[in-house]
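Numbering-wise, the sequence shown is residues 1 to 225 according to full-length UniProt numbering. Heads up, the beta-carbon is just placed ideally off N, CA and C, and yes, glycines get one too. Here's the structure we're looking at; comments come further down.
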Amino acid sequence: MASFLRVIMASLTFTVITLSGISCQSDFDFFYFVQQWPGSYCDLKQKCCYPVTGKPAADFSIHGLWPNYNDGSYPSNCAGSSYDSTGISDLKDQLQRYWDTLSCPSGDGDKFWSHEWEKHGTCSGLDQRAYFESVLRLRNSIDLLSALQSSGIEADGGTYTLEAIEKALTQAIGHKPGLECNRDVDGQRQLYQVYVCIDTDASTLIDCPVYPSSSCSSTISFPSF
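Here it is as structure tokens:
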């Protein structure tokens, strides 16, 4: 009898663990698609390192596609397959162009992509290939720099109102994005990251259920790169 109960308990434990893994991978409310401005990443005290492919283009680059809950929390490091660079080797040129790394020491991006897959991608309900393809499609369809430039907002170190930046991006995207700022070496707040909300299908743009903490002031700079 005792042996029978141990088998039953072991089976139940396995079932709970398995269901927990499934829930973690699919139980979320929306995605943040996050792009960052390289000039604001590099214009900090800790500086930055260009990737081994050279200085990236002066354009917004991908930070990641992050599953989130409506209460502002998010799942992370869910049960799933480990990162396999060979599965996306044919995407590497696009990834290095749009999802480059600026962290030090210089790298080819693989460490960055591995981190994003294992922390966020494993919770997306997508397999690795579909996750990276979805991110690249979103980047190709959401051109933040062109949207800002069309409204006369240039990455020239000038200062712009937060309202003007939000308006330009909202008109281009069709939904109000979330904005995050950081501080340059002189303490000036500057445009750092833009959060666009995406439905759980990883493709449909939606109104954000909740916005990230912006840390932006009413006027912010847009540094050159």
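Asked                                                                                                                                                               : Found
Leaving out the 5 sequence neighbours to the left and right, which residues in its chain are closer than 7 Å to residue 20 when beta-carbon positions are compared? : Since pLDDT at residue 20 reaches only 33, below the 50 mark, its modelled position is unreliable, and the value read off the structure follows with that caveat. Contacts found: none.
For residue 23 and residue 187, what's the separation of their Cα atoms in angstroms?                                                                               : Any reading at residue 23 must be qualified, since the residue scores a pLDDT of 34, below 50, and its modelled position is unreliable; no value is offered.
Apply the 10 Å Cβ neighbour rule to residue 137 and answer buried if 16 or more other Cβ atoms are within range, or exposed otherwise.                              : exposed
Confirm, please, whether the CB-CB distance from residue 83 to residue 113 is below 9 Å.                                                                            : yes
Got a sec, what are the start and stop residues for the alpha helix (DSSP H) residue 135 sits in?                                                                   : 128 to 141
Where does residue 118 fall in DSSP's three states?                                                                                                                 : helix
Looking only at its own chain, which residues have a Cβ that is under 6 Å from the Cβ of residue 65, when we skip the five neighbours before and after it?          : 31, 33, 135
Measuring CA to CA, which of 179, 104, 129 is closest to residue 163?                                                                                               : 179
What's the call for residue 168, buried or exposed, on a 16-neighbour Cβ count within 10 Å?                                                                         : buried
Got a sec? Which residues, its chain only, sit under 8 Å from residue 158 by beta carbon, not counting five neighbours each side?                                   : 221, 222
For residue 161 and residue 153, I'd like the C-alpha separation in whole angstroms.                                                                                : 10 Å
Alpha carbon to alpha carbon, how far is residue 49 from residue 120? Give it in angstroms, no decimals.                                                            : 24 Å
Express the C-alpha separation of residue 127 and residue 143 in angstroms, rounding to a whole number.                                                             : 25 Å
First and last residue of the alpha helix (DSSP H) that includes residue 39?                                                                                        : 38 to 42
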